[in-house]
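Participant: One structure is given below, represented as structure tokens, and several questions about it will come after.
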Amino acid sequence: MKNPTLLAALFTATLVSACSQPGTNSSVAEPQYVNEAALPKGWPAPGPYNQATRKEYPAYRAAFTTSSSPNGGFWTLFKHIKRNNIPMTSPVEMTMKNDPGTALQMEQMGFLYQSTAVGKTGADGETVAVRDIPALSVMSYTWQGPRDEASVAKAQKAIEIELRKNKLTSTGFRLFGYNSPSVPRKKQTYELQALLK
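Quick look at the structure:
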């Protein structure tokens, strides 16, 4: 997708509609990742679909803002990358709050840079902080379809079963959103991950 402003509007619409509209997670026999934007350097593609698997991620740089609103967080970060001439990548990262007895809720949003050689770390005003994240291992579950509460809960349950089976401990959850509304909801890719100690 060549127009970054259009891409931003489309990503925002995806995030807002995913949070506000319930949906059914319609299964697709063989999900195929719809690639709309470049992944960061060395970043693994999403997947495999519909199973919990361990994955390794390289160190990366990202701009984060604290927000429980996908719309507000997205536009704050989009202004940041435009102001600093940072190309937009996919996915959008959401740090999830995991309070016992409640559904996972977004508490931060991040835009990933192409590599740690792009831009610089530090604060950009009062609402954006650019940080380098070290390489890490995760337990991941990828699906196609809406990002509704039921889909996230299903992914979390599958991850937690695999963590117990392998006697692994996590330090928190993050969620990646890979697609804009130009991709039908049933073809949109999301990936929930437990960060491993």
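Numbering (this note's numbering), first residue to last: 230 to 426. Glycine included, every Cβ here is placed at the ideal spot set by N, Cα and C. Here the structure is a predicted model, which means the values were calculated and not measured.
Enumerate in chain order the residues of its own chain whose CB-to-CB distance from GLU391 is below 6 angstroms, with the five nearest sequence positions on each side excluded.
Facilitator: The residue given as residue 391 occupies position 162 in the sequence shown. Counting only Cβ-Cβ distances below 6 angstroms, and skipping sequence neighbours, we find ALA281, MET368.
Participant: So, at 6 angstroms on beta carbons, what are the nonlocal neighbours of ALA292 in its own chain, with the 5 sequence-adjacent residues on each side left out?
Facilitator: Position 63 of the sequence shown holds residue 292. Taken in chain order, the residues that qualify are LEU306, HIS309, PHE340, VAL357, VAL359.
Participant: Buried or exposed: which applies to THR371, given that a residue is buried once 16 or more other Cβ atoms fall within 10 Å of its Cβ?
Facilitator: Locating residue 371 in the sequence shown gives position 142, counting from the first residue. The residue is buried, with at least 16 neighbouring Cβ atoms inside 10 Å.
Participant: Smallest Cα separation from THR318: which of ILE388, LYS270, LYS426?
Facilitator: For the purposes of this step, residue 318 is taken as the residue at position 89 of the sequence shown. THR318 has its Cα closest to that of LYS270, out of ILE388, LYS270, LYS426.
Participant: Is the stretch 373–385 touching the stretch 414–424 in the sense that three or more CB pairs, one from each, lie closer than 8 angstroms?
Facilitator: Touching, per the Cβ criterion.
Participant: Could you tell me which residues DSSP pairs with ALA332 in its beta bridges?
Facilitator: Here the question's residue 332 lines up with position 103 in the sequence shown. Bridge partners of ALA332: none, in fact.
Participant: Buried or exposed: which applies to GLN422, given that a residue is buried once 16 or more other Cβ atoms fall within 10 Å of its Cβ?
Facilitator: Counting from 1 along the sequence shown, the entry for residue 422 is found at position 193. Burial call: buried.
Participant: When DSSP builds the beta bridges, which residues end up paired with VAL359?
Facilitator: Here residue 359 refers to the residue found at position 130 of the sequence shown. ALA292, GLY351.
Participant: To which residues does DSSP link TRP372 through a beta bridge?
Facilitator: Position 143 of the sequence shown holds residue 372. Its beta-bridge partners are TYR419.
Participant: Under three-state DSSP, which class holds LEU302?
Facilitator: Within the sequence shown, residue 302 is the residue found at index 73, counting from 1. In the sequence under discussion, the amino acid at residue 302 is Gly, which differs from the Leu named in the question. In the structure shown, GLY302 sits in a helix (DSSP, three-state: H, G or I).
Participant: How big is the Cα-Cα spacing for ARG403 and GLY351?
Facilitator: As a working mapping, residue 403 is identified with position 174 in the sequence shown. As a working mapping, residue 351 is identified with position 122 in the sequence shown. Cα to Cα, the separation comes out at about 21 angstroms.
Participant: Please state whether DSSP places ASN408 in a helix, a strand or coil.
Facilitator: For this step, residue 408 is matched to residue 179 along the sequence shown. Coil, per DSSP.
Participant: What would DSSP say about LEU425, mapped onto helix, strand or coil?
Facilitator: Stepping through the sequence shown from its first residue, residue 425 is reached at position 196. Three-state DSSP puts LEU425 in a strand.
Participant: From GLY330, LYS426, PRO320, pick the residue whose C-alpha is nearest to that of LYS386; which is it?
Facilitator: Position 157 of the sequence shown, counting from 1, holds the residue named residue 386. Taking only the C-alpha atoms, the option nearest LYS386 is GLY330.
Participant: By DSSP, does LEU397 sit in helix, in strand, or in coil?
Facilitator: Indexing the sequence shown from 1 puts residue 397 at position 168. Looking at LEU397 - three-state DSSP - the assignment turns out to be coil, as it is neither helix nor strand.
Participant: List the DSSP bridge partners of GLY339.
Facilitator: Counting from 1 along the sequence shown, the entry for residue 339 is found at position 110. Its beta-bridge partners are PHE293, GLU322.
Participant: Where do the ends of the beta strand (DSSP E) carrying THR282 lie?
Facilitator: Residue mapping note: residue 282 aligns to position 53 of the sequence shown, counting from 1. Counting along the chain, the beta strand (DSSP E) containing THR282 begins and ends at 281–286.
Participant: Return helix, strand or coil for SER344, following the three-state DSSP convention.
Facilitator: For this step, residue 344 is matched to residue 115 along the sequence shown. SER344: coil per DSSP, three-state reduction.
Participant: Judging by CA-CA distance, which residue of TYR262, TYR286, ASP353 is the nearest neighbour of LEU365?
Facilitator: Numbered from its first residue, the sequence shown carries residue 365 at position 136. Nearest C-alpha to LEU365: TYR286.
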